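J.: The structure's right below; bear with me while I get my questions together.
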Amino acid sequence: MTDPEREVVLRVVPHIIDINSNGHIFGGWVLSQMDIAGGIVAGRIAQGPVATVAIESMKFISPILLGDIVSLYAYEERRGRTSIGIRIDVAATRGKDQRKVDLTSGLFTFVALDEHHRPRPLPTG
Ligand SMILES: CC(C)(COP(=O)(O)OP(=O)(O)OC[C@H]1O[C@@H](n2cnc3c(N)ncnc32)[C@H](O)[C@@H]1OP(=O)(O)O)[C@@H](O)C(=O)NCCC(=O)NCCS
Numbered sequence: 001m002t003d004p005e006r007e008v009v010l011r012v013v014p015h016i017i018d019i020n021s022n023g024h025i026f027g028g029w030v031l032s033q034m035d036i037a038g039g040i041v042a043g044r045i046a047q048g049p050v051a052t053v054a055i056e057s058m059k060f061i062s063p064i065l066l067g068d069i070v071s072l073y074a075y076e077e078r079r080g081r082t083s084i085g086i087r088i089d090v091a092a093t094r095g096k097d098q099r100k101v102d103l104t105s106g107l108f109t110f111v112a113l114d115e116h117h118r119p120r121p122l123p124t125g
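So for the sequence shown, full-length UniProt numbering puts the first residue at 1; every next one is plus one.
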């Protein structure tokens with residue numbers, strides 16, 4: 001799923017307070033990291049503030065474990081008049097052998113905002 005050549009937008013490590021009763025990391029923790037990573041890329045494209053309007057798809061592929069180094073890859077998948085669909089892929093570097101494990105993938109939609117917090121056309125060119 002993840003391309004080693006693709007840009008890592010964010011790299012984070014979960015903490016013990018992020019563990020659920022299964023001993024895995026809460027889904028909400030990774031969703032929040034994905035929102036941050038997607039917002040960084042969308043904000044660059046929009047050249048200004050953006051808001052998350054929708055999570056159109058979300059797949060939890062494998063559990064996130066304490067000790068994982070979590071990398072978030074985000075890139076534009078589609079562009080509308082005021083909105084941008086950002087694909088966010090998340091992978092862990094895990095264990096002594098530093099193996100790569102795909103964790104989640106989602107498509108988040110961000111809307112460029114004007115000073116009144118209303119949709120603003122994306123810059124052209
Ligand atoms: C983002 C917000 C300003 C959009 O307002 P709105 O009245 O829905 O705007 P519009 O109907 O004109 O839609 C704006 C764009 O979003 C897209 N959009 C709206 N709802 C969508 C949804 N559920 N899924 C995908 N795209 C959606 C529209 O297709 C449109 O895209 P386009 O201009 O590229 O064609 C408003 O919904 C809002 O403030 N939401 C809360 C945002 C928020 O607090 N997010 C969490 C923290 S960042």
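Cβ coordinates follow ideal geometry from the N, Cα and C atoms, glycine included.
Keep in mind that this is a model prediction, so the values were computed, not measured.
(1) At a cut-off of 7 Å, is A54 close to ligand 1 when judged by its beta-carbon and the heavy atoms of the ligand?
(2) Mapping DSSP to helix, strand and coil, what is R94?
(3) How many angstroms separate the CA atom of L113 from the CA atom of R81?
(4) Evaluate L72 with the Cβ neighbour count: other Cβ atoms within 10 Å of its Cβ, from every protein chain shown; 16 or more gives buried, anything less gives exposed.
(5) So, helix, strand or coil for D35, using DSSP?
T.: Looking at the atomic coordinates:
(1) On the sequence shown, position 54 is the one that residue 54 refers to. Yes, Cβ of A54 sits closer than 7 Å to a heavy atom of ligand 1.
(2) For the purposes of this step, residue 94 is taken as residue 94 along the sequence shown, with counting starting at 1. Of the three classes helix, strand and coil, the one that applies to R94 here is strand, per DSSP.
(3) As a position in the sequence shown, residue 113 is number 113, starting the count at 1. As a position in the sequence shown, residue 81 is number 81, starting the count at 1. If you take the alpha carbons of L113 and R81, they lie about 12 Å apart.
(4) By one-based count along the sequence shown, residue 72 stands at place 72. Looking at its Cβ environment, which holds 16 or more other Cβ atoms inside 10 Å, L72 is buried.
(5) What you label residue 35 is simply residue 35 of the sequence shown in a count that begins at 1. Of the three classes helix, strand and coil, the one that applies to D35 here is helix, per DSSP.
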